[in-house]
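Numbers in this note's numbering are just positions in the sequence shown, counted from 1, shifted up by 777. Heads up: the structure comes next, in structure tokens.
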Amino acid sequence: MRIVVLTGAGISAESGVPTFRDADGLWEGHRVEDVATPEGFHANPDLVLRFYDERRRGVASVVPNVAHRALSRLEGAIGAELLVVTQNVDDLHERAGSRNLVHMHGELRRALCLSCGARPEWTRDLIDRPPCPECGKRMLRPDVVWFGELPYELDRIEQAVVACDVFVSVGTSGAVYPAAGYAALAAAFGARTVELNLVPSGAAVPFDEVRAGRATEVVPAWVDEVIAAR
């Protein structure tokens, strides 16, 4: 049974990771246009670099929760039949043990070189303009997909969604495309669709099953059922 799990901010929020976007639309006090677009970076690179340096340090201080660990446990049970696609830029899935994983919106713990395109692992601040370890030029930015940019590995994700037997959405509002369209795509190709979310997302195409609750409660329970049914 091939399973694709899409995770969003809701799964990491329970580890203490801020969801970035506040109810008023601001990203932790900043306009989205200022800190999450190429134009914002061009206009004020220091602001953007400091913003993501702070986010990177913040994520380093939190730990994976039982929902992250449950998905890792599921991978241990079914191996390559599971693909986790995350919209999150933290590394909590990896630290929980997940390996079959796609970060479609990039990663805080990577930098992107605007000169050579390298995407090195990165744990230090970028505000001081350190050199790229590949080409030596000081043109590093956060390896985070901003508004107006294409997410990573879209072909791989779409192929997995089309081929899966079960598609599961965890902790995501279903408001940001292309991720918001994956449940409908999976359903169109015959997959069973499941939503595990604090509040049902009100998706345009209803899920076959919706379980409302905290990710740390509903995800481990669902994983237990899947493993027991094998």
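Here a beta-carbon is modelled for each residue, glycine too, at the ideal position from N, C-alpha and C.
Report the option in Gly835, Ser875 and Tyr954 whose CA atom is closest to the CA atom of Val794. Gly835
Can you tell me whether DSSP reads His807 as helix, strand or coil? strand
Hey, how far is the Cα of Pro977 from the Cα of Thr993? In this structure, the alpha-carbon of Pro977 lies about 16 Å from that of Thr993.
Taking all protein chains shown into account, decide if Thr900 is buried (16 or more other Cβ within 10 angstroms of its Cβ) or exposed. exposed
Hey, how far is the Cα of Gly951 from the Cα of Ala989? 15 Å
Taking just the CA atoms, how far does Phe818 sit from Pro955? 23 Å
Which listed residue (Asp811, Glu898, Ile904 and Cys909) has its alpha carbon closest to that of Leu891: Cys909
Closest to Asp1001 by CA distance: which of Ala847, Phe944 and Val945 is it? Ala847
Below 8 Å CB to CB, which residues in the same chain sit around Glu871 once its five sequence neighbours on both sides are set aside? Leu878
Euclidean distance between Cα positions of Pro919 and Pro907: 12 Å
State whether the segment 809-827 contacts the segment 861-876, with contact taken as three or more CB pairs (one from each stretch) at a distance under 8 Å. no
Measure the Cβ-Cβ separation of Arg883 and Val921 and say whether it is below 8 Å. Per the sequence presented here, residue 883 reads as Gly, with Arg not at that position. Yes. Within cutoff.
Could you give the distance in angstroms between the alpha-carbon of Ala963 and the alpha-carbon of Arg915? Taking the straight line from one Cα to the other gives about 42 Å.
Quickly, what does DSSP pair Thr784 with across the bridge? List them, please. Thr863 and Val947
Measuring only from the beta carbon, is Ile934 closer than 7 Å to any heavy atom that is part of the ligand PLP? Absent from the structure shown: the ligand PLP. Ligands present: none.
Which residues share a DSSP beta bridge with Val921? Gly883
Specify the secondary structure class of Thr993 as computed by DSSP and reduced to three states. helix
Return the Cβ separation of Val851 and Ser789 in integer angstroms, given the expectation that the two are a contact with Cβ distance under 8 Å. Here the sequence assigns Leu to residue 851, which means Val is not the residue at that position. 17 Å between Cβ atoms; not a contact.
Val976 by DSSP, collapsed to three states: which one? coil
How about Pro997 and Val843: are their beta carbons less than 8 Å apart? yes
Spatial neighbours of Leu903 in its chain, beta-carbon cut-off 8 Å, leaving aside the 5 residues before and after: Excluding sequence positions up to five before and after Leu903, its CB lies within less than 8 Å of the CB of Leu826, Tyr829, Asp830, Ala888, Leu917, Arg918 and Pro919, all in the same chain and listed in chain order.
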